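These notes are about the structure you will find just below.
2 protein chains.
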Amino acid sequence: MPRKPGYDRNDLINRARDLFWRQGWAGTSLKDLEAELQMKPGSFYAAFGSKDALYGLALDQYASDGAARLHALAGEHGPVEALRRFPLEVLKNPSAPARACMLSRTLLELQAHEHPLADRASDHLRGMEEQFATLFTEAQSRGEIDPTLDPKKLARKYQSDLMGLRVTAERRDVDALALASEFAETVGRT
Amino acid sequence: MPRKPGYDRNDLINRARDLFWRQGWAGTSLKDLEAELQMKPGSFYAAFGSKDALYGLALDQYASDGAARLHALAGEHGPVEALRRFPLEVLKNPSAPARACMLSRTLLELQAHEHPLADRASDHLRGMEEQFATLFTEAQSRGEIDPTLDPKKLARKYQSDLMGLRVTAERRDVDALALASEFAETVGRT
DNA sequence: TATATACTTGAGTGATCGCTCAATAAACCC
DNA sequence: GGGTTTATTGAGCGATCACTCAAGTATATA
Numbered sequence: 001m002p003r004k005p006g007y008d009r010n011d012l013i014n015r016a017r018d019l020f021w022r023q024g025w026a027g028t029s030l031k032d033l034e035a036e037l038q039m040k041p042g043s044f045y046a047a048f049g050s051k052d053a054l055y056g057l058a059l060d061q062y063a064s065d066g067a068a069r070l071h072a073l074a075g076e077h078g079p080v081e082a083l084r085r086f087p088l089e090v091l092k093n094p095s096a097p098a099r100a101c102m103l104s105r106t107l108l109e110l111q112a113h114e115h116p117l118a119d120r121a122s123d124h125l126r127g128m129e130e131q132f133a134t135l136f137t138e139a140q141s142r143g144e145i146d147p148t149l150d151p152k153k154l155a156r157k158y159q160s161d162l163m164g165l166r167v168t169a170e171r172r173d174v175d176a177l178a179l180a181s182e183f184a185e186t187v188g189r190t
Numbered sequence: 191m192p193r194k195p196g197y198d199r200n201d202l203i204n205r206a207r208d209l210f211w212r213q214g215w216a217g218t219s220l221k222d223l224e225a226e227l228q229m230k231p232g233s234f235y236a237a238f239g240s241k242d243a244l245y246g247l248a249l250d251q252y253a254s255d256g257a258a259r260l261h262a263l264a265g266e267h268g269p270v271e272a273l274r275r276f277p278l279e280v281l282k283n284p285s286a287p288a289r290a291c292m293l294s295r296t297l298l299e300l301q302a303h304e305h306p307l308a309d310r311a312s313d314h315l316r317g318m319e320e321q322f323a324t325l326f327t328e329a330q331s332r333g334e335i336d337p338t339l340d341p342k343k344l345a346r347k348y349q350s351d352l353m354g355l356r357v358t359a360e361r362r363d364v365d366a367l368a369l370a371s372e373f374a375e376t377v378g379r380t
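Chains A and B, in that order, give the protein sequences. Position one of the first sequence corresponds to residue 1 (this note's numbering), numbered consecutively onward. Position one of the second sequence corresponds to residue 191 (this note's numbering), numbered consecutively onward.
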């Protein structure tokens, strides 16, 4: 009886993610979304309910994409090499919406207003951190890094430095790739 | 002949800086500013011209404050110890508007729309970086750190890691001080 | 004290914000 | 093909955005 939508929902979410990632939450208006997704307001709200709801979906998509990419890298190159290559995946991609991390952007923009999406971003950051820790643990059991170090501390430091790198890479007067390869060298040491 | 303003202009800029620092550019409305500065729209626009103009002044104030604080630390404790203590100045202060750096916030929020304030933030970041480099150079001539390292690279890495630290410190599930002292230990090494 | 010169007030500007909804069109089952 | 169900359309909602301006008030000089 029903009528099928004329769009691919997952594709819409990915396009919205890129737009939000690039322009931020407040910086992306419904006009922007309507233009990017080729949807009129009625369809948009029938499909997603609200701008915030779509942002949440985009955030989840962003996080699970990152987790999948890191997992794939680890399977192909092992844990340490995966952690070294991970930053380059974004920084080397010229069509990436932004260098900075969408999760940290969201946290910075919405935390002060105690917006639920800030907590959602924070949760995803913790999830990524746990994935990093798992890789460090695996690297230790393989004998690739110092086994006396605390994987959780390594993971937190790795993530923190990575976010710094990705913010710095937003600057136009900075050679992001040079900074990234310098970052890669330090992974596993200290 | 004229009439003196009933406010201290510098105090207003400082209060605006704290509000912008905490809530961001889009996150701070003129209503917010009017309430915080106790000014009606007419007075506000007579005094500052526009929201962007005041944001620019606040940004400059933020940058020069930071530079002055770092300079004072260096005079008191020497370059390396200054660089070690610098992050704690913000993170230990419970009344600070935010943990994250206002310059990086501004860059992240406004860069995609090519807003002039993003460039202004970027310029200030470069200025801070140069100050860091100067301190590293001084530390080398004092023999406090490895003289073969490039002060500019050290400065960039220091600033990048510092920004990461300060973003991470925004998370409610993270012990910012533990991360900061860990960060302090690494200054001058590597 | 008179006057010129600012500062202050606050109602109100057009534009844009996220969002609604009644009307219309299209696709599925029987 | 008829009937049902859902997707799509787009004008337009109230609220808020940054901002303006004419009128009123206070202060310094003459």
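C-beta: ideal position from N, C-alpha, C; glycine also. A quick note: this is a predicted structure, and the numbers were derived from the prediction, not measured.
Buried versus exposed call for residue i [16 or more other C-beta atoms within 10 Å across all chains shown]
i         : result
Gly-265/B : exposed
His-202/A : Here chain A comprises residues numbered 1 to 190, so residue 202/A is not present and cannot be evaluated.
Gln-228/B : exposed
Asp-198/B : exposed
Thr-28/A  : buried
His-314/B : buried
Pro-269/B : buried
Thr-358/B : buried
Ser-122/A : buried
Gly-239/B : exposed
Thr-148/A : exposed
Asp-208/B : buried
Pro-195/B : exposed
Leu-177/A : exposed
Thr-116/A : One detail in the question is off: residue 116/A reads as Pro in this sequence, not Thr. The residue is exposed, with fewer than 16 neighbouring Cβ atoms inside 10 Å.
Ala-133/A : buried
Ala-68/A  : exposed
Glu-375/B : exposed
Ala-243/B : exposed
Ser-104/A : buried
Pro-192/B : exposed
Lys-157/A : buried
Pro-231/B : exposed
Glu-360/B : buried
Ser-160/A : buried
Ala-329/B : buried
Ala-308/B : buried
Arg-172/A : exposed
Glu-129/A : buried
Gly-333/B : exposed
Enclosing alpha helix (DSSP H) for residue i [first to last residue]
i         : result
Val-174/A : It is not in any alpha helix (DSSP H) - Val-174/A carries neither H nor E in the DSSP assignment.
Arg-379/B : Counting along the chain, Arg-379/B falls outside any alpha helix (DSSP H), and DSSP gives it neither H nor E.
Lys-152/A : 151-168
Leu-318/B : Note on identity: in this sequence residue 318/B is Met, with Leu being the wrong assignment. Segment 306-331, the alpha helix (DSSP H) holding Met-318/B.
Gly-239/B : Counting along the chain, Gly-239/B falls outside any alpha helix (DSSP H), and DSSP gives it neither H nor E.
Glu-271/B : 269-281
Arg-193/B : Per DSSP, Arg-193/B belongs to no alpha helix (DSSP H) and is neither H nor E.
Arg-295/B : 292-300
Members of the region 345-365 of chain B that neighbour chain A once the beta carbon cut-off is set at 8 Å: The region 345-365 of chain B vs chain A, Cβ under 8 Å: Arg-346, Lys-347, Gln-349, Ser-350, Asp-351, Leu-352, Met-353, Gly-354, Leu-355, Val-357, Thr-358, Glu-360, Arg-361, Arg-362, Asp-363, Val-364.
If you measure beta-carbon to beta-carbon, which residues of the region 193-219 of chain B are closer than 7 Å to chain A? The residues in question are Arg-212, Gln-213, Gly-214, Ala-216, Gly-217.
At 4 residues or longer, what runs of the alpha helix (DSSP H) sit wholly inside the region 5-34 of chain A? Counting whole runs of 4 or more residues, the region 5-34 of chain A contains the alpha helix (DSSP H) stretches 9-23.
Which of the residues in the region 104-118 of chain A, read from start to end, lie with their CB under 7 Å from any CB of chain B? Listed in sequence order: Ser-104, Arg-105, Leu-107, Leu-108, Glu-109, Gln-111, Ala-112, His-113.
May I ask you to list, following chain order, the residues of the region 253-267 of chain B that have a beta carbon less than 7 Å from some beta carbon of chain A? Taking a C-beta cut-off of 7 Å against chain A, none of the residues of the region 253-267 of chain B qualify.
Taking beta-carbon pairs under 9 Å, can you tell me which members of the region 230-252 of chain B lie near chain A? Cβ contacts with chain A come from no residue of the region 230-252 of chain B.
Residues from the region 89-104 of chain A in contact with chain B, defined by Cβ distance under 8 Å: Cβ contacts with chain B: Ala-98, Ala-100, Ser-104.
Which residues, taken in chain order from the region 120-146 of chain A, show a beta carbon closer than 8 Å to some beta carbon of chain B? Cβ proximity to chain B below 8 Å picks out Ser-122, Leu-125, Arg-126 from the region 120-146 of chain A.
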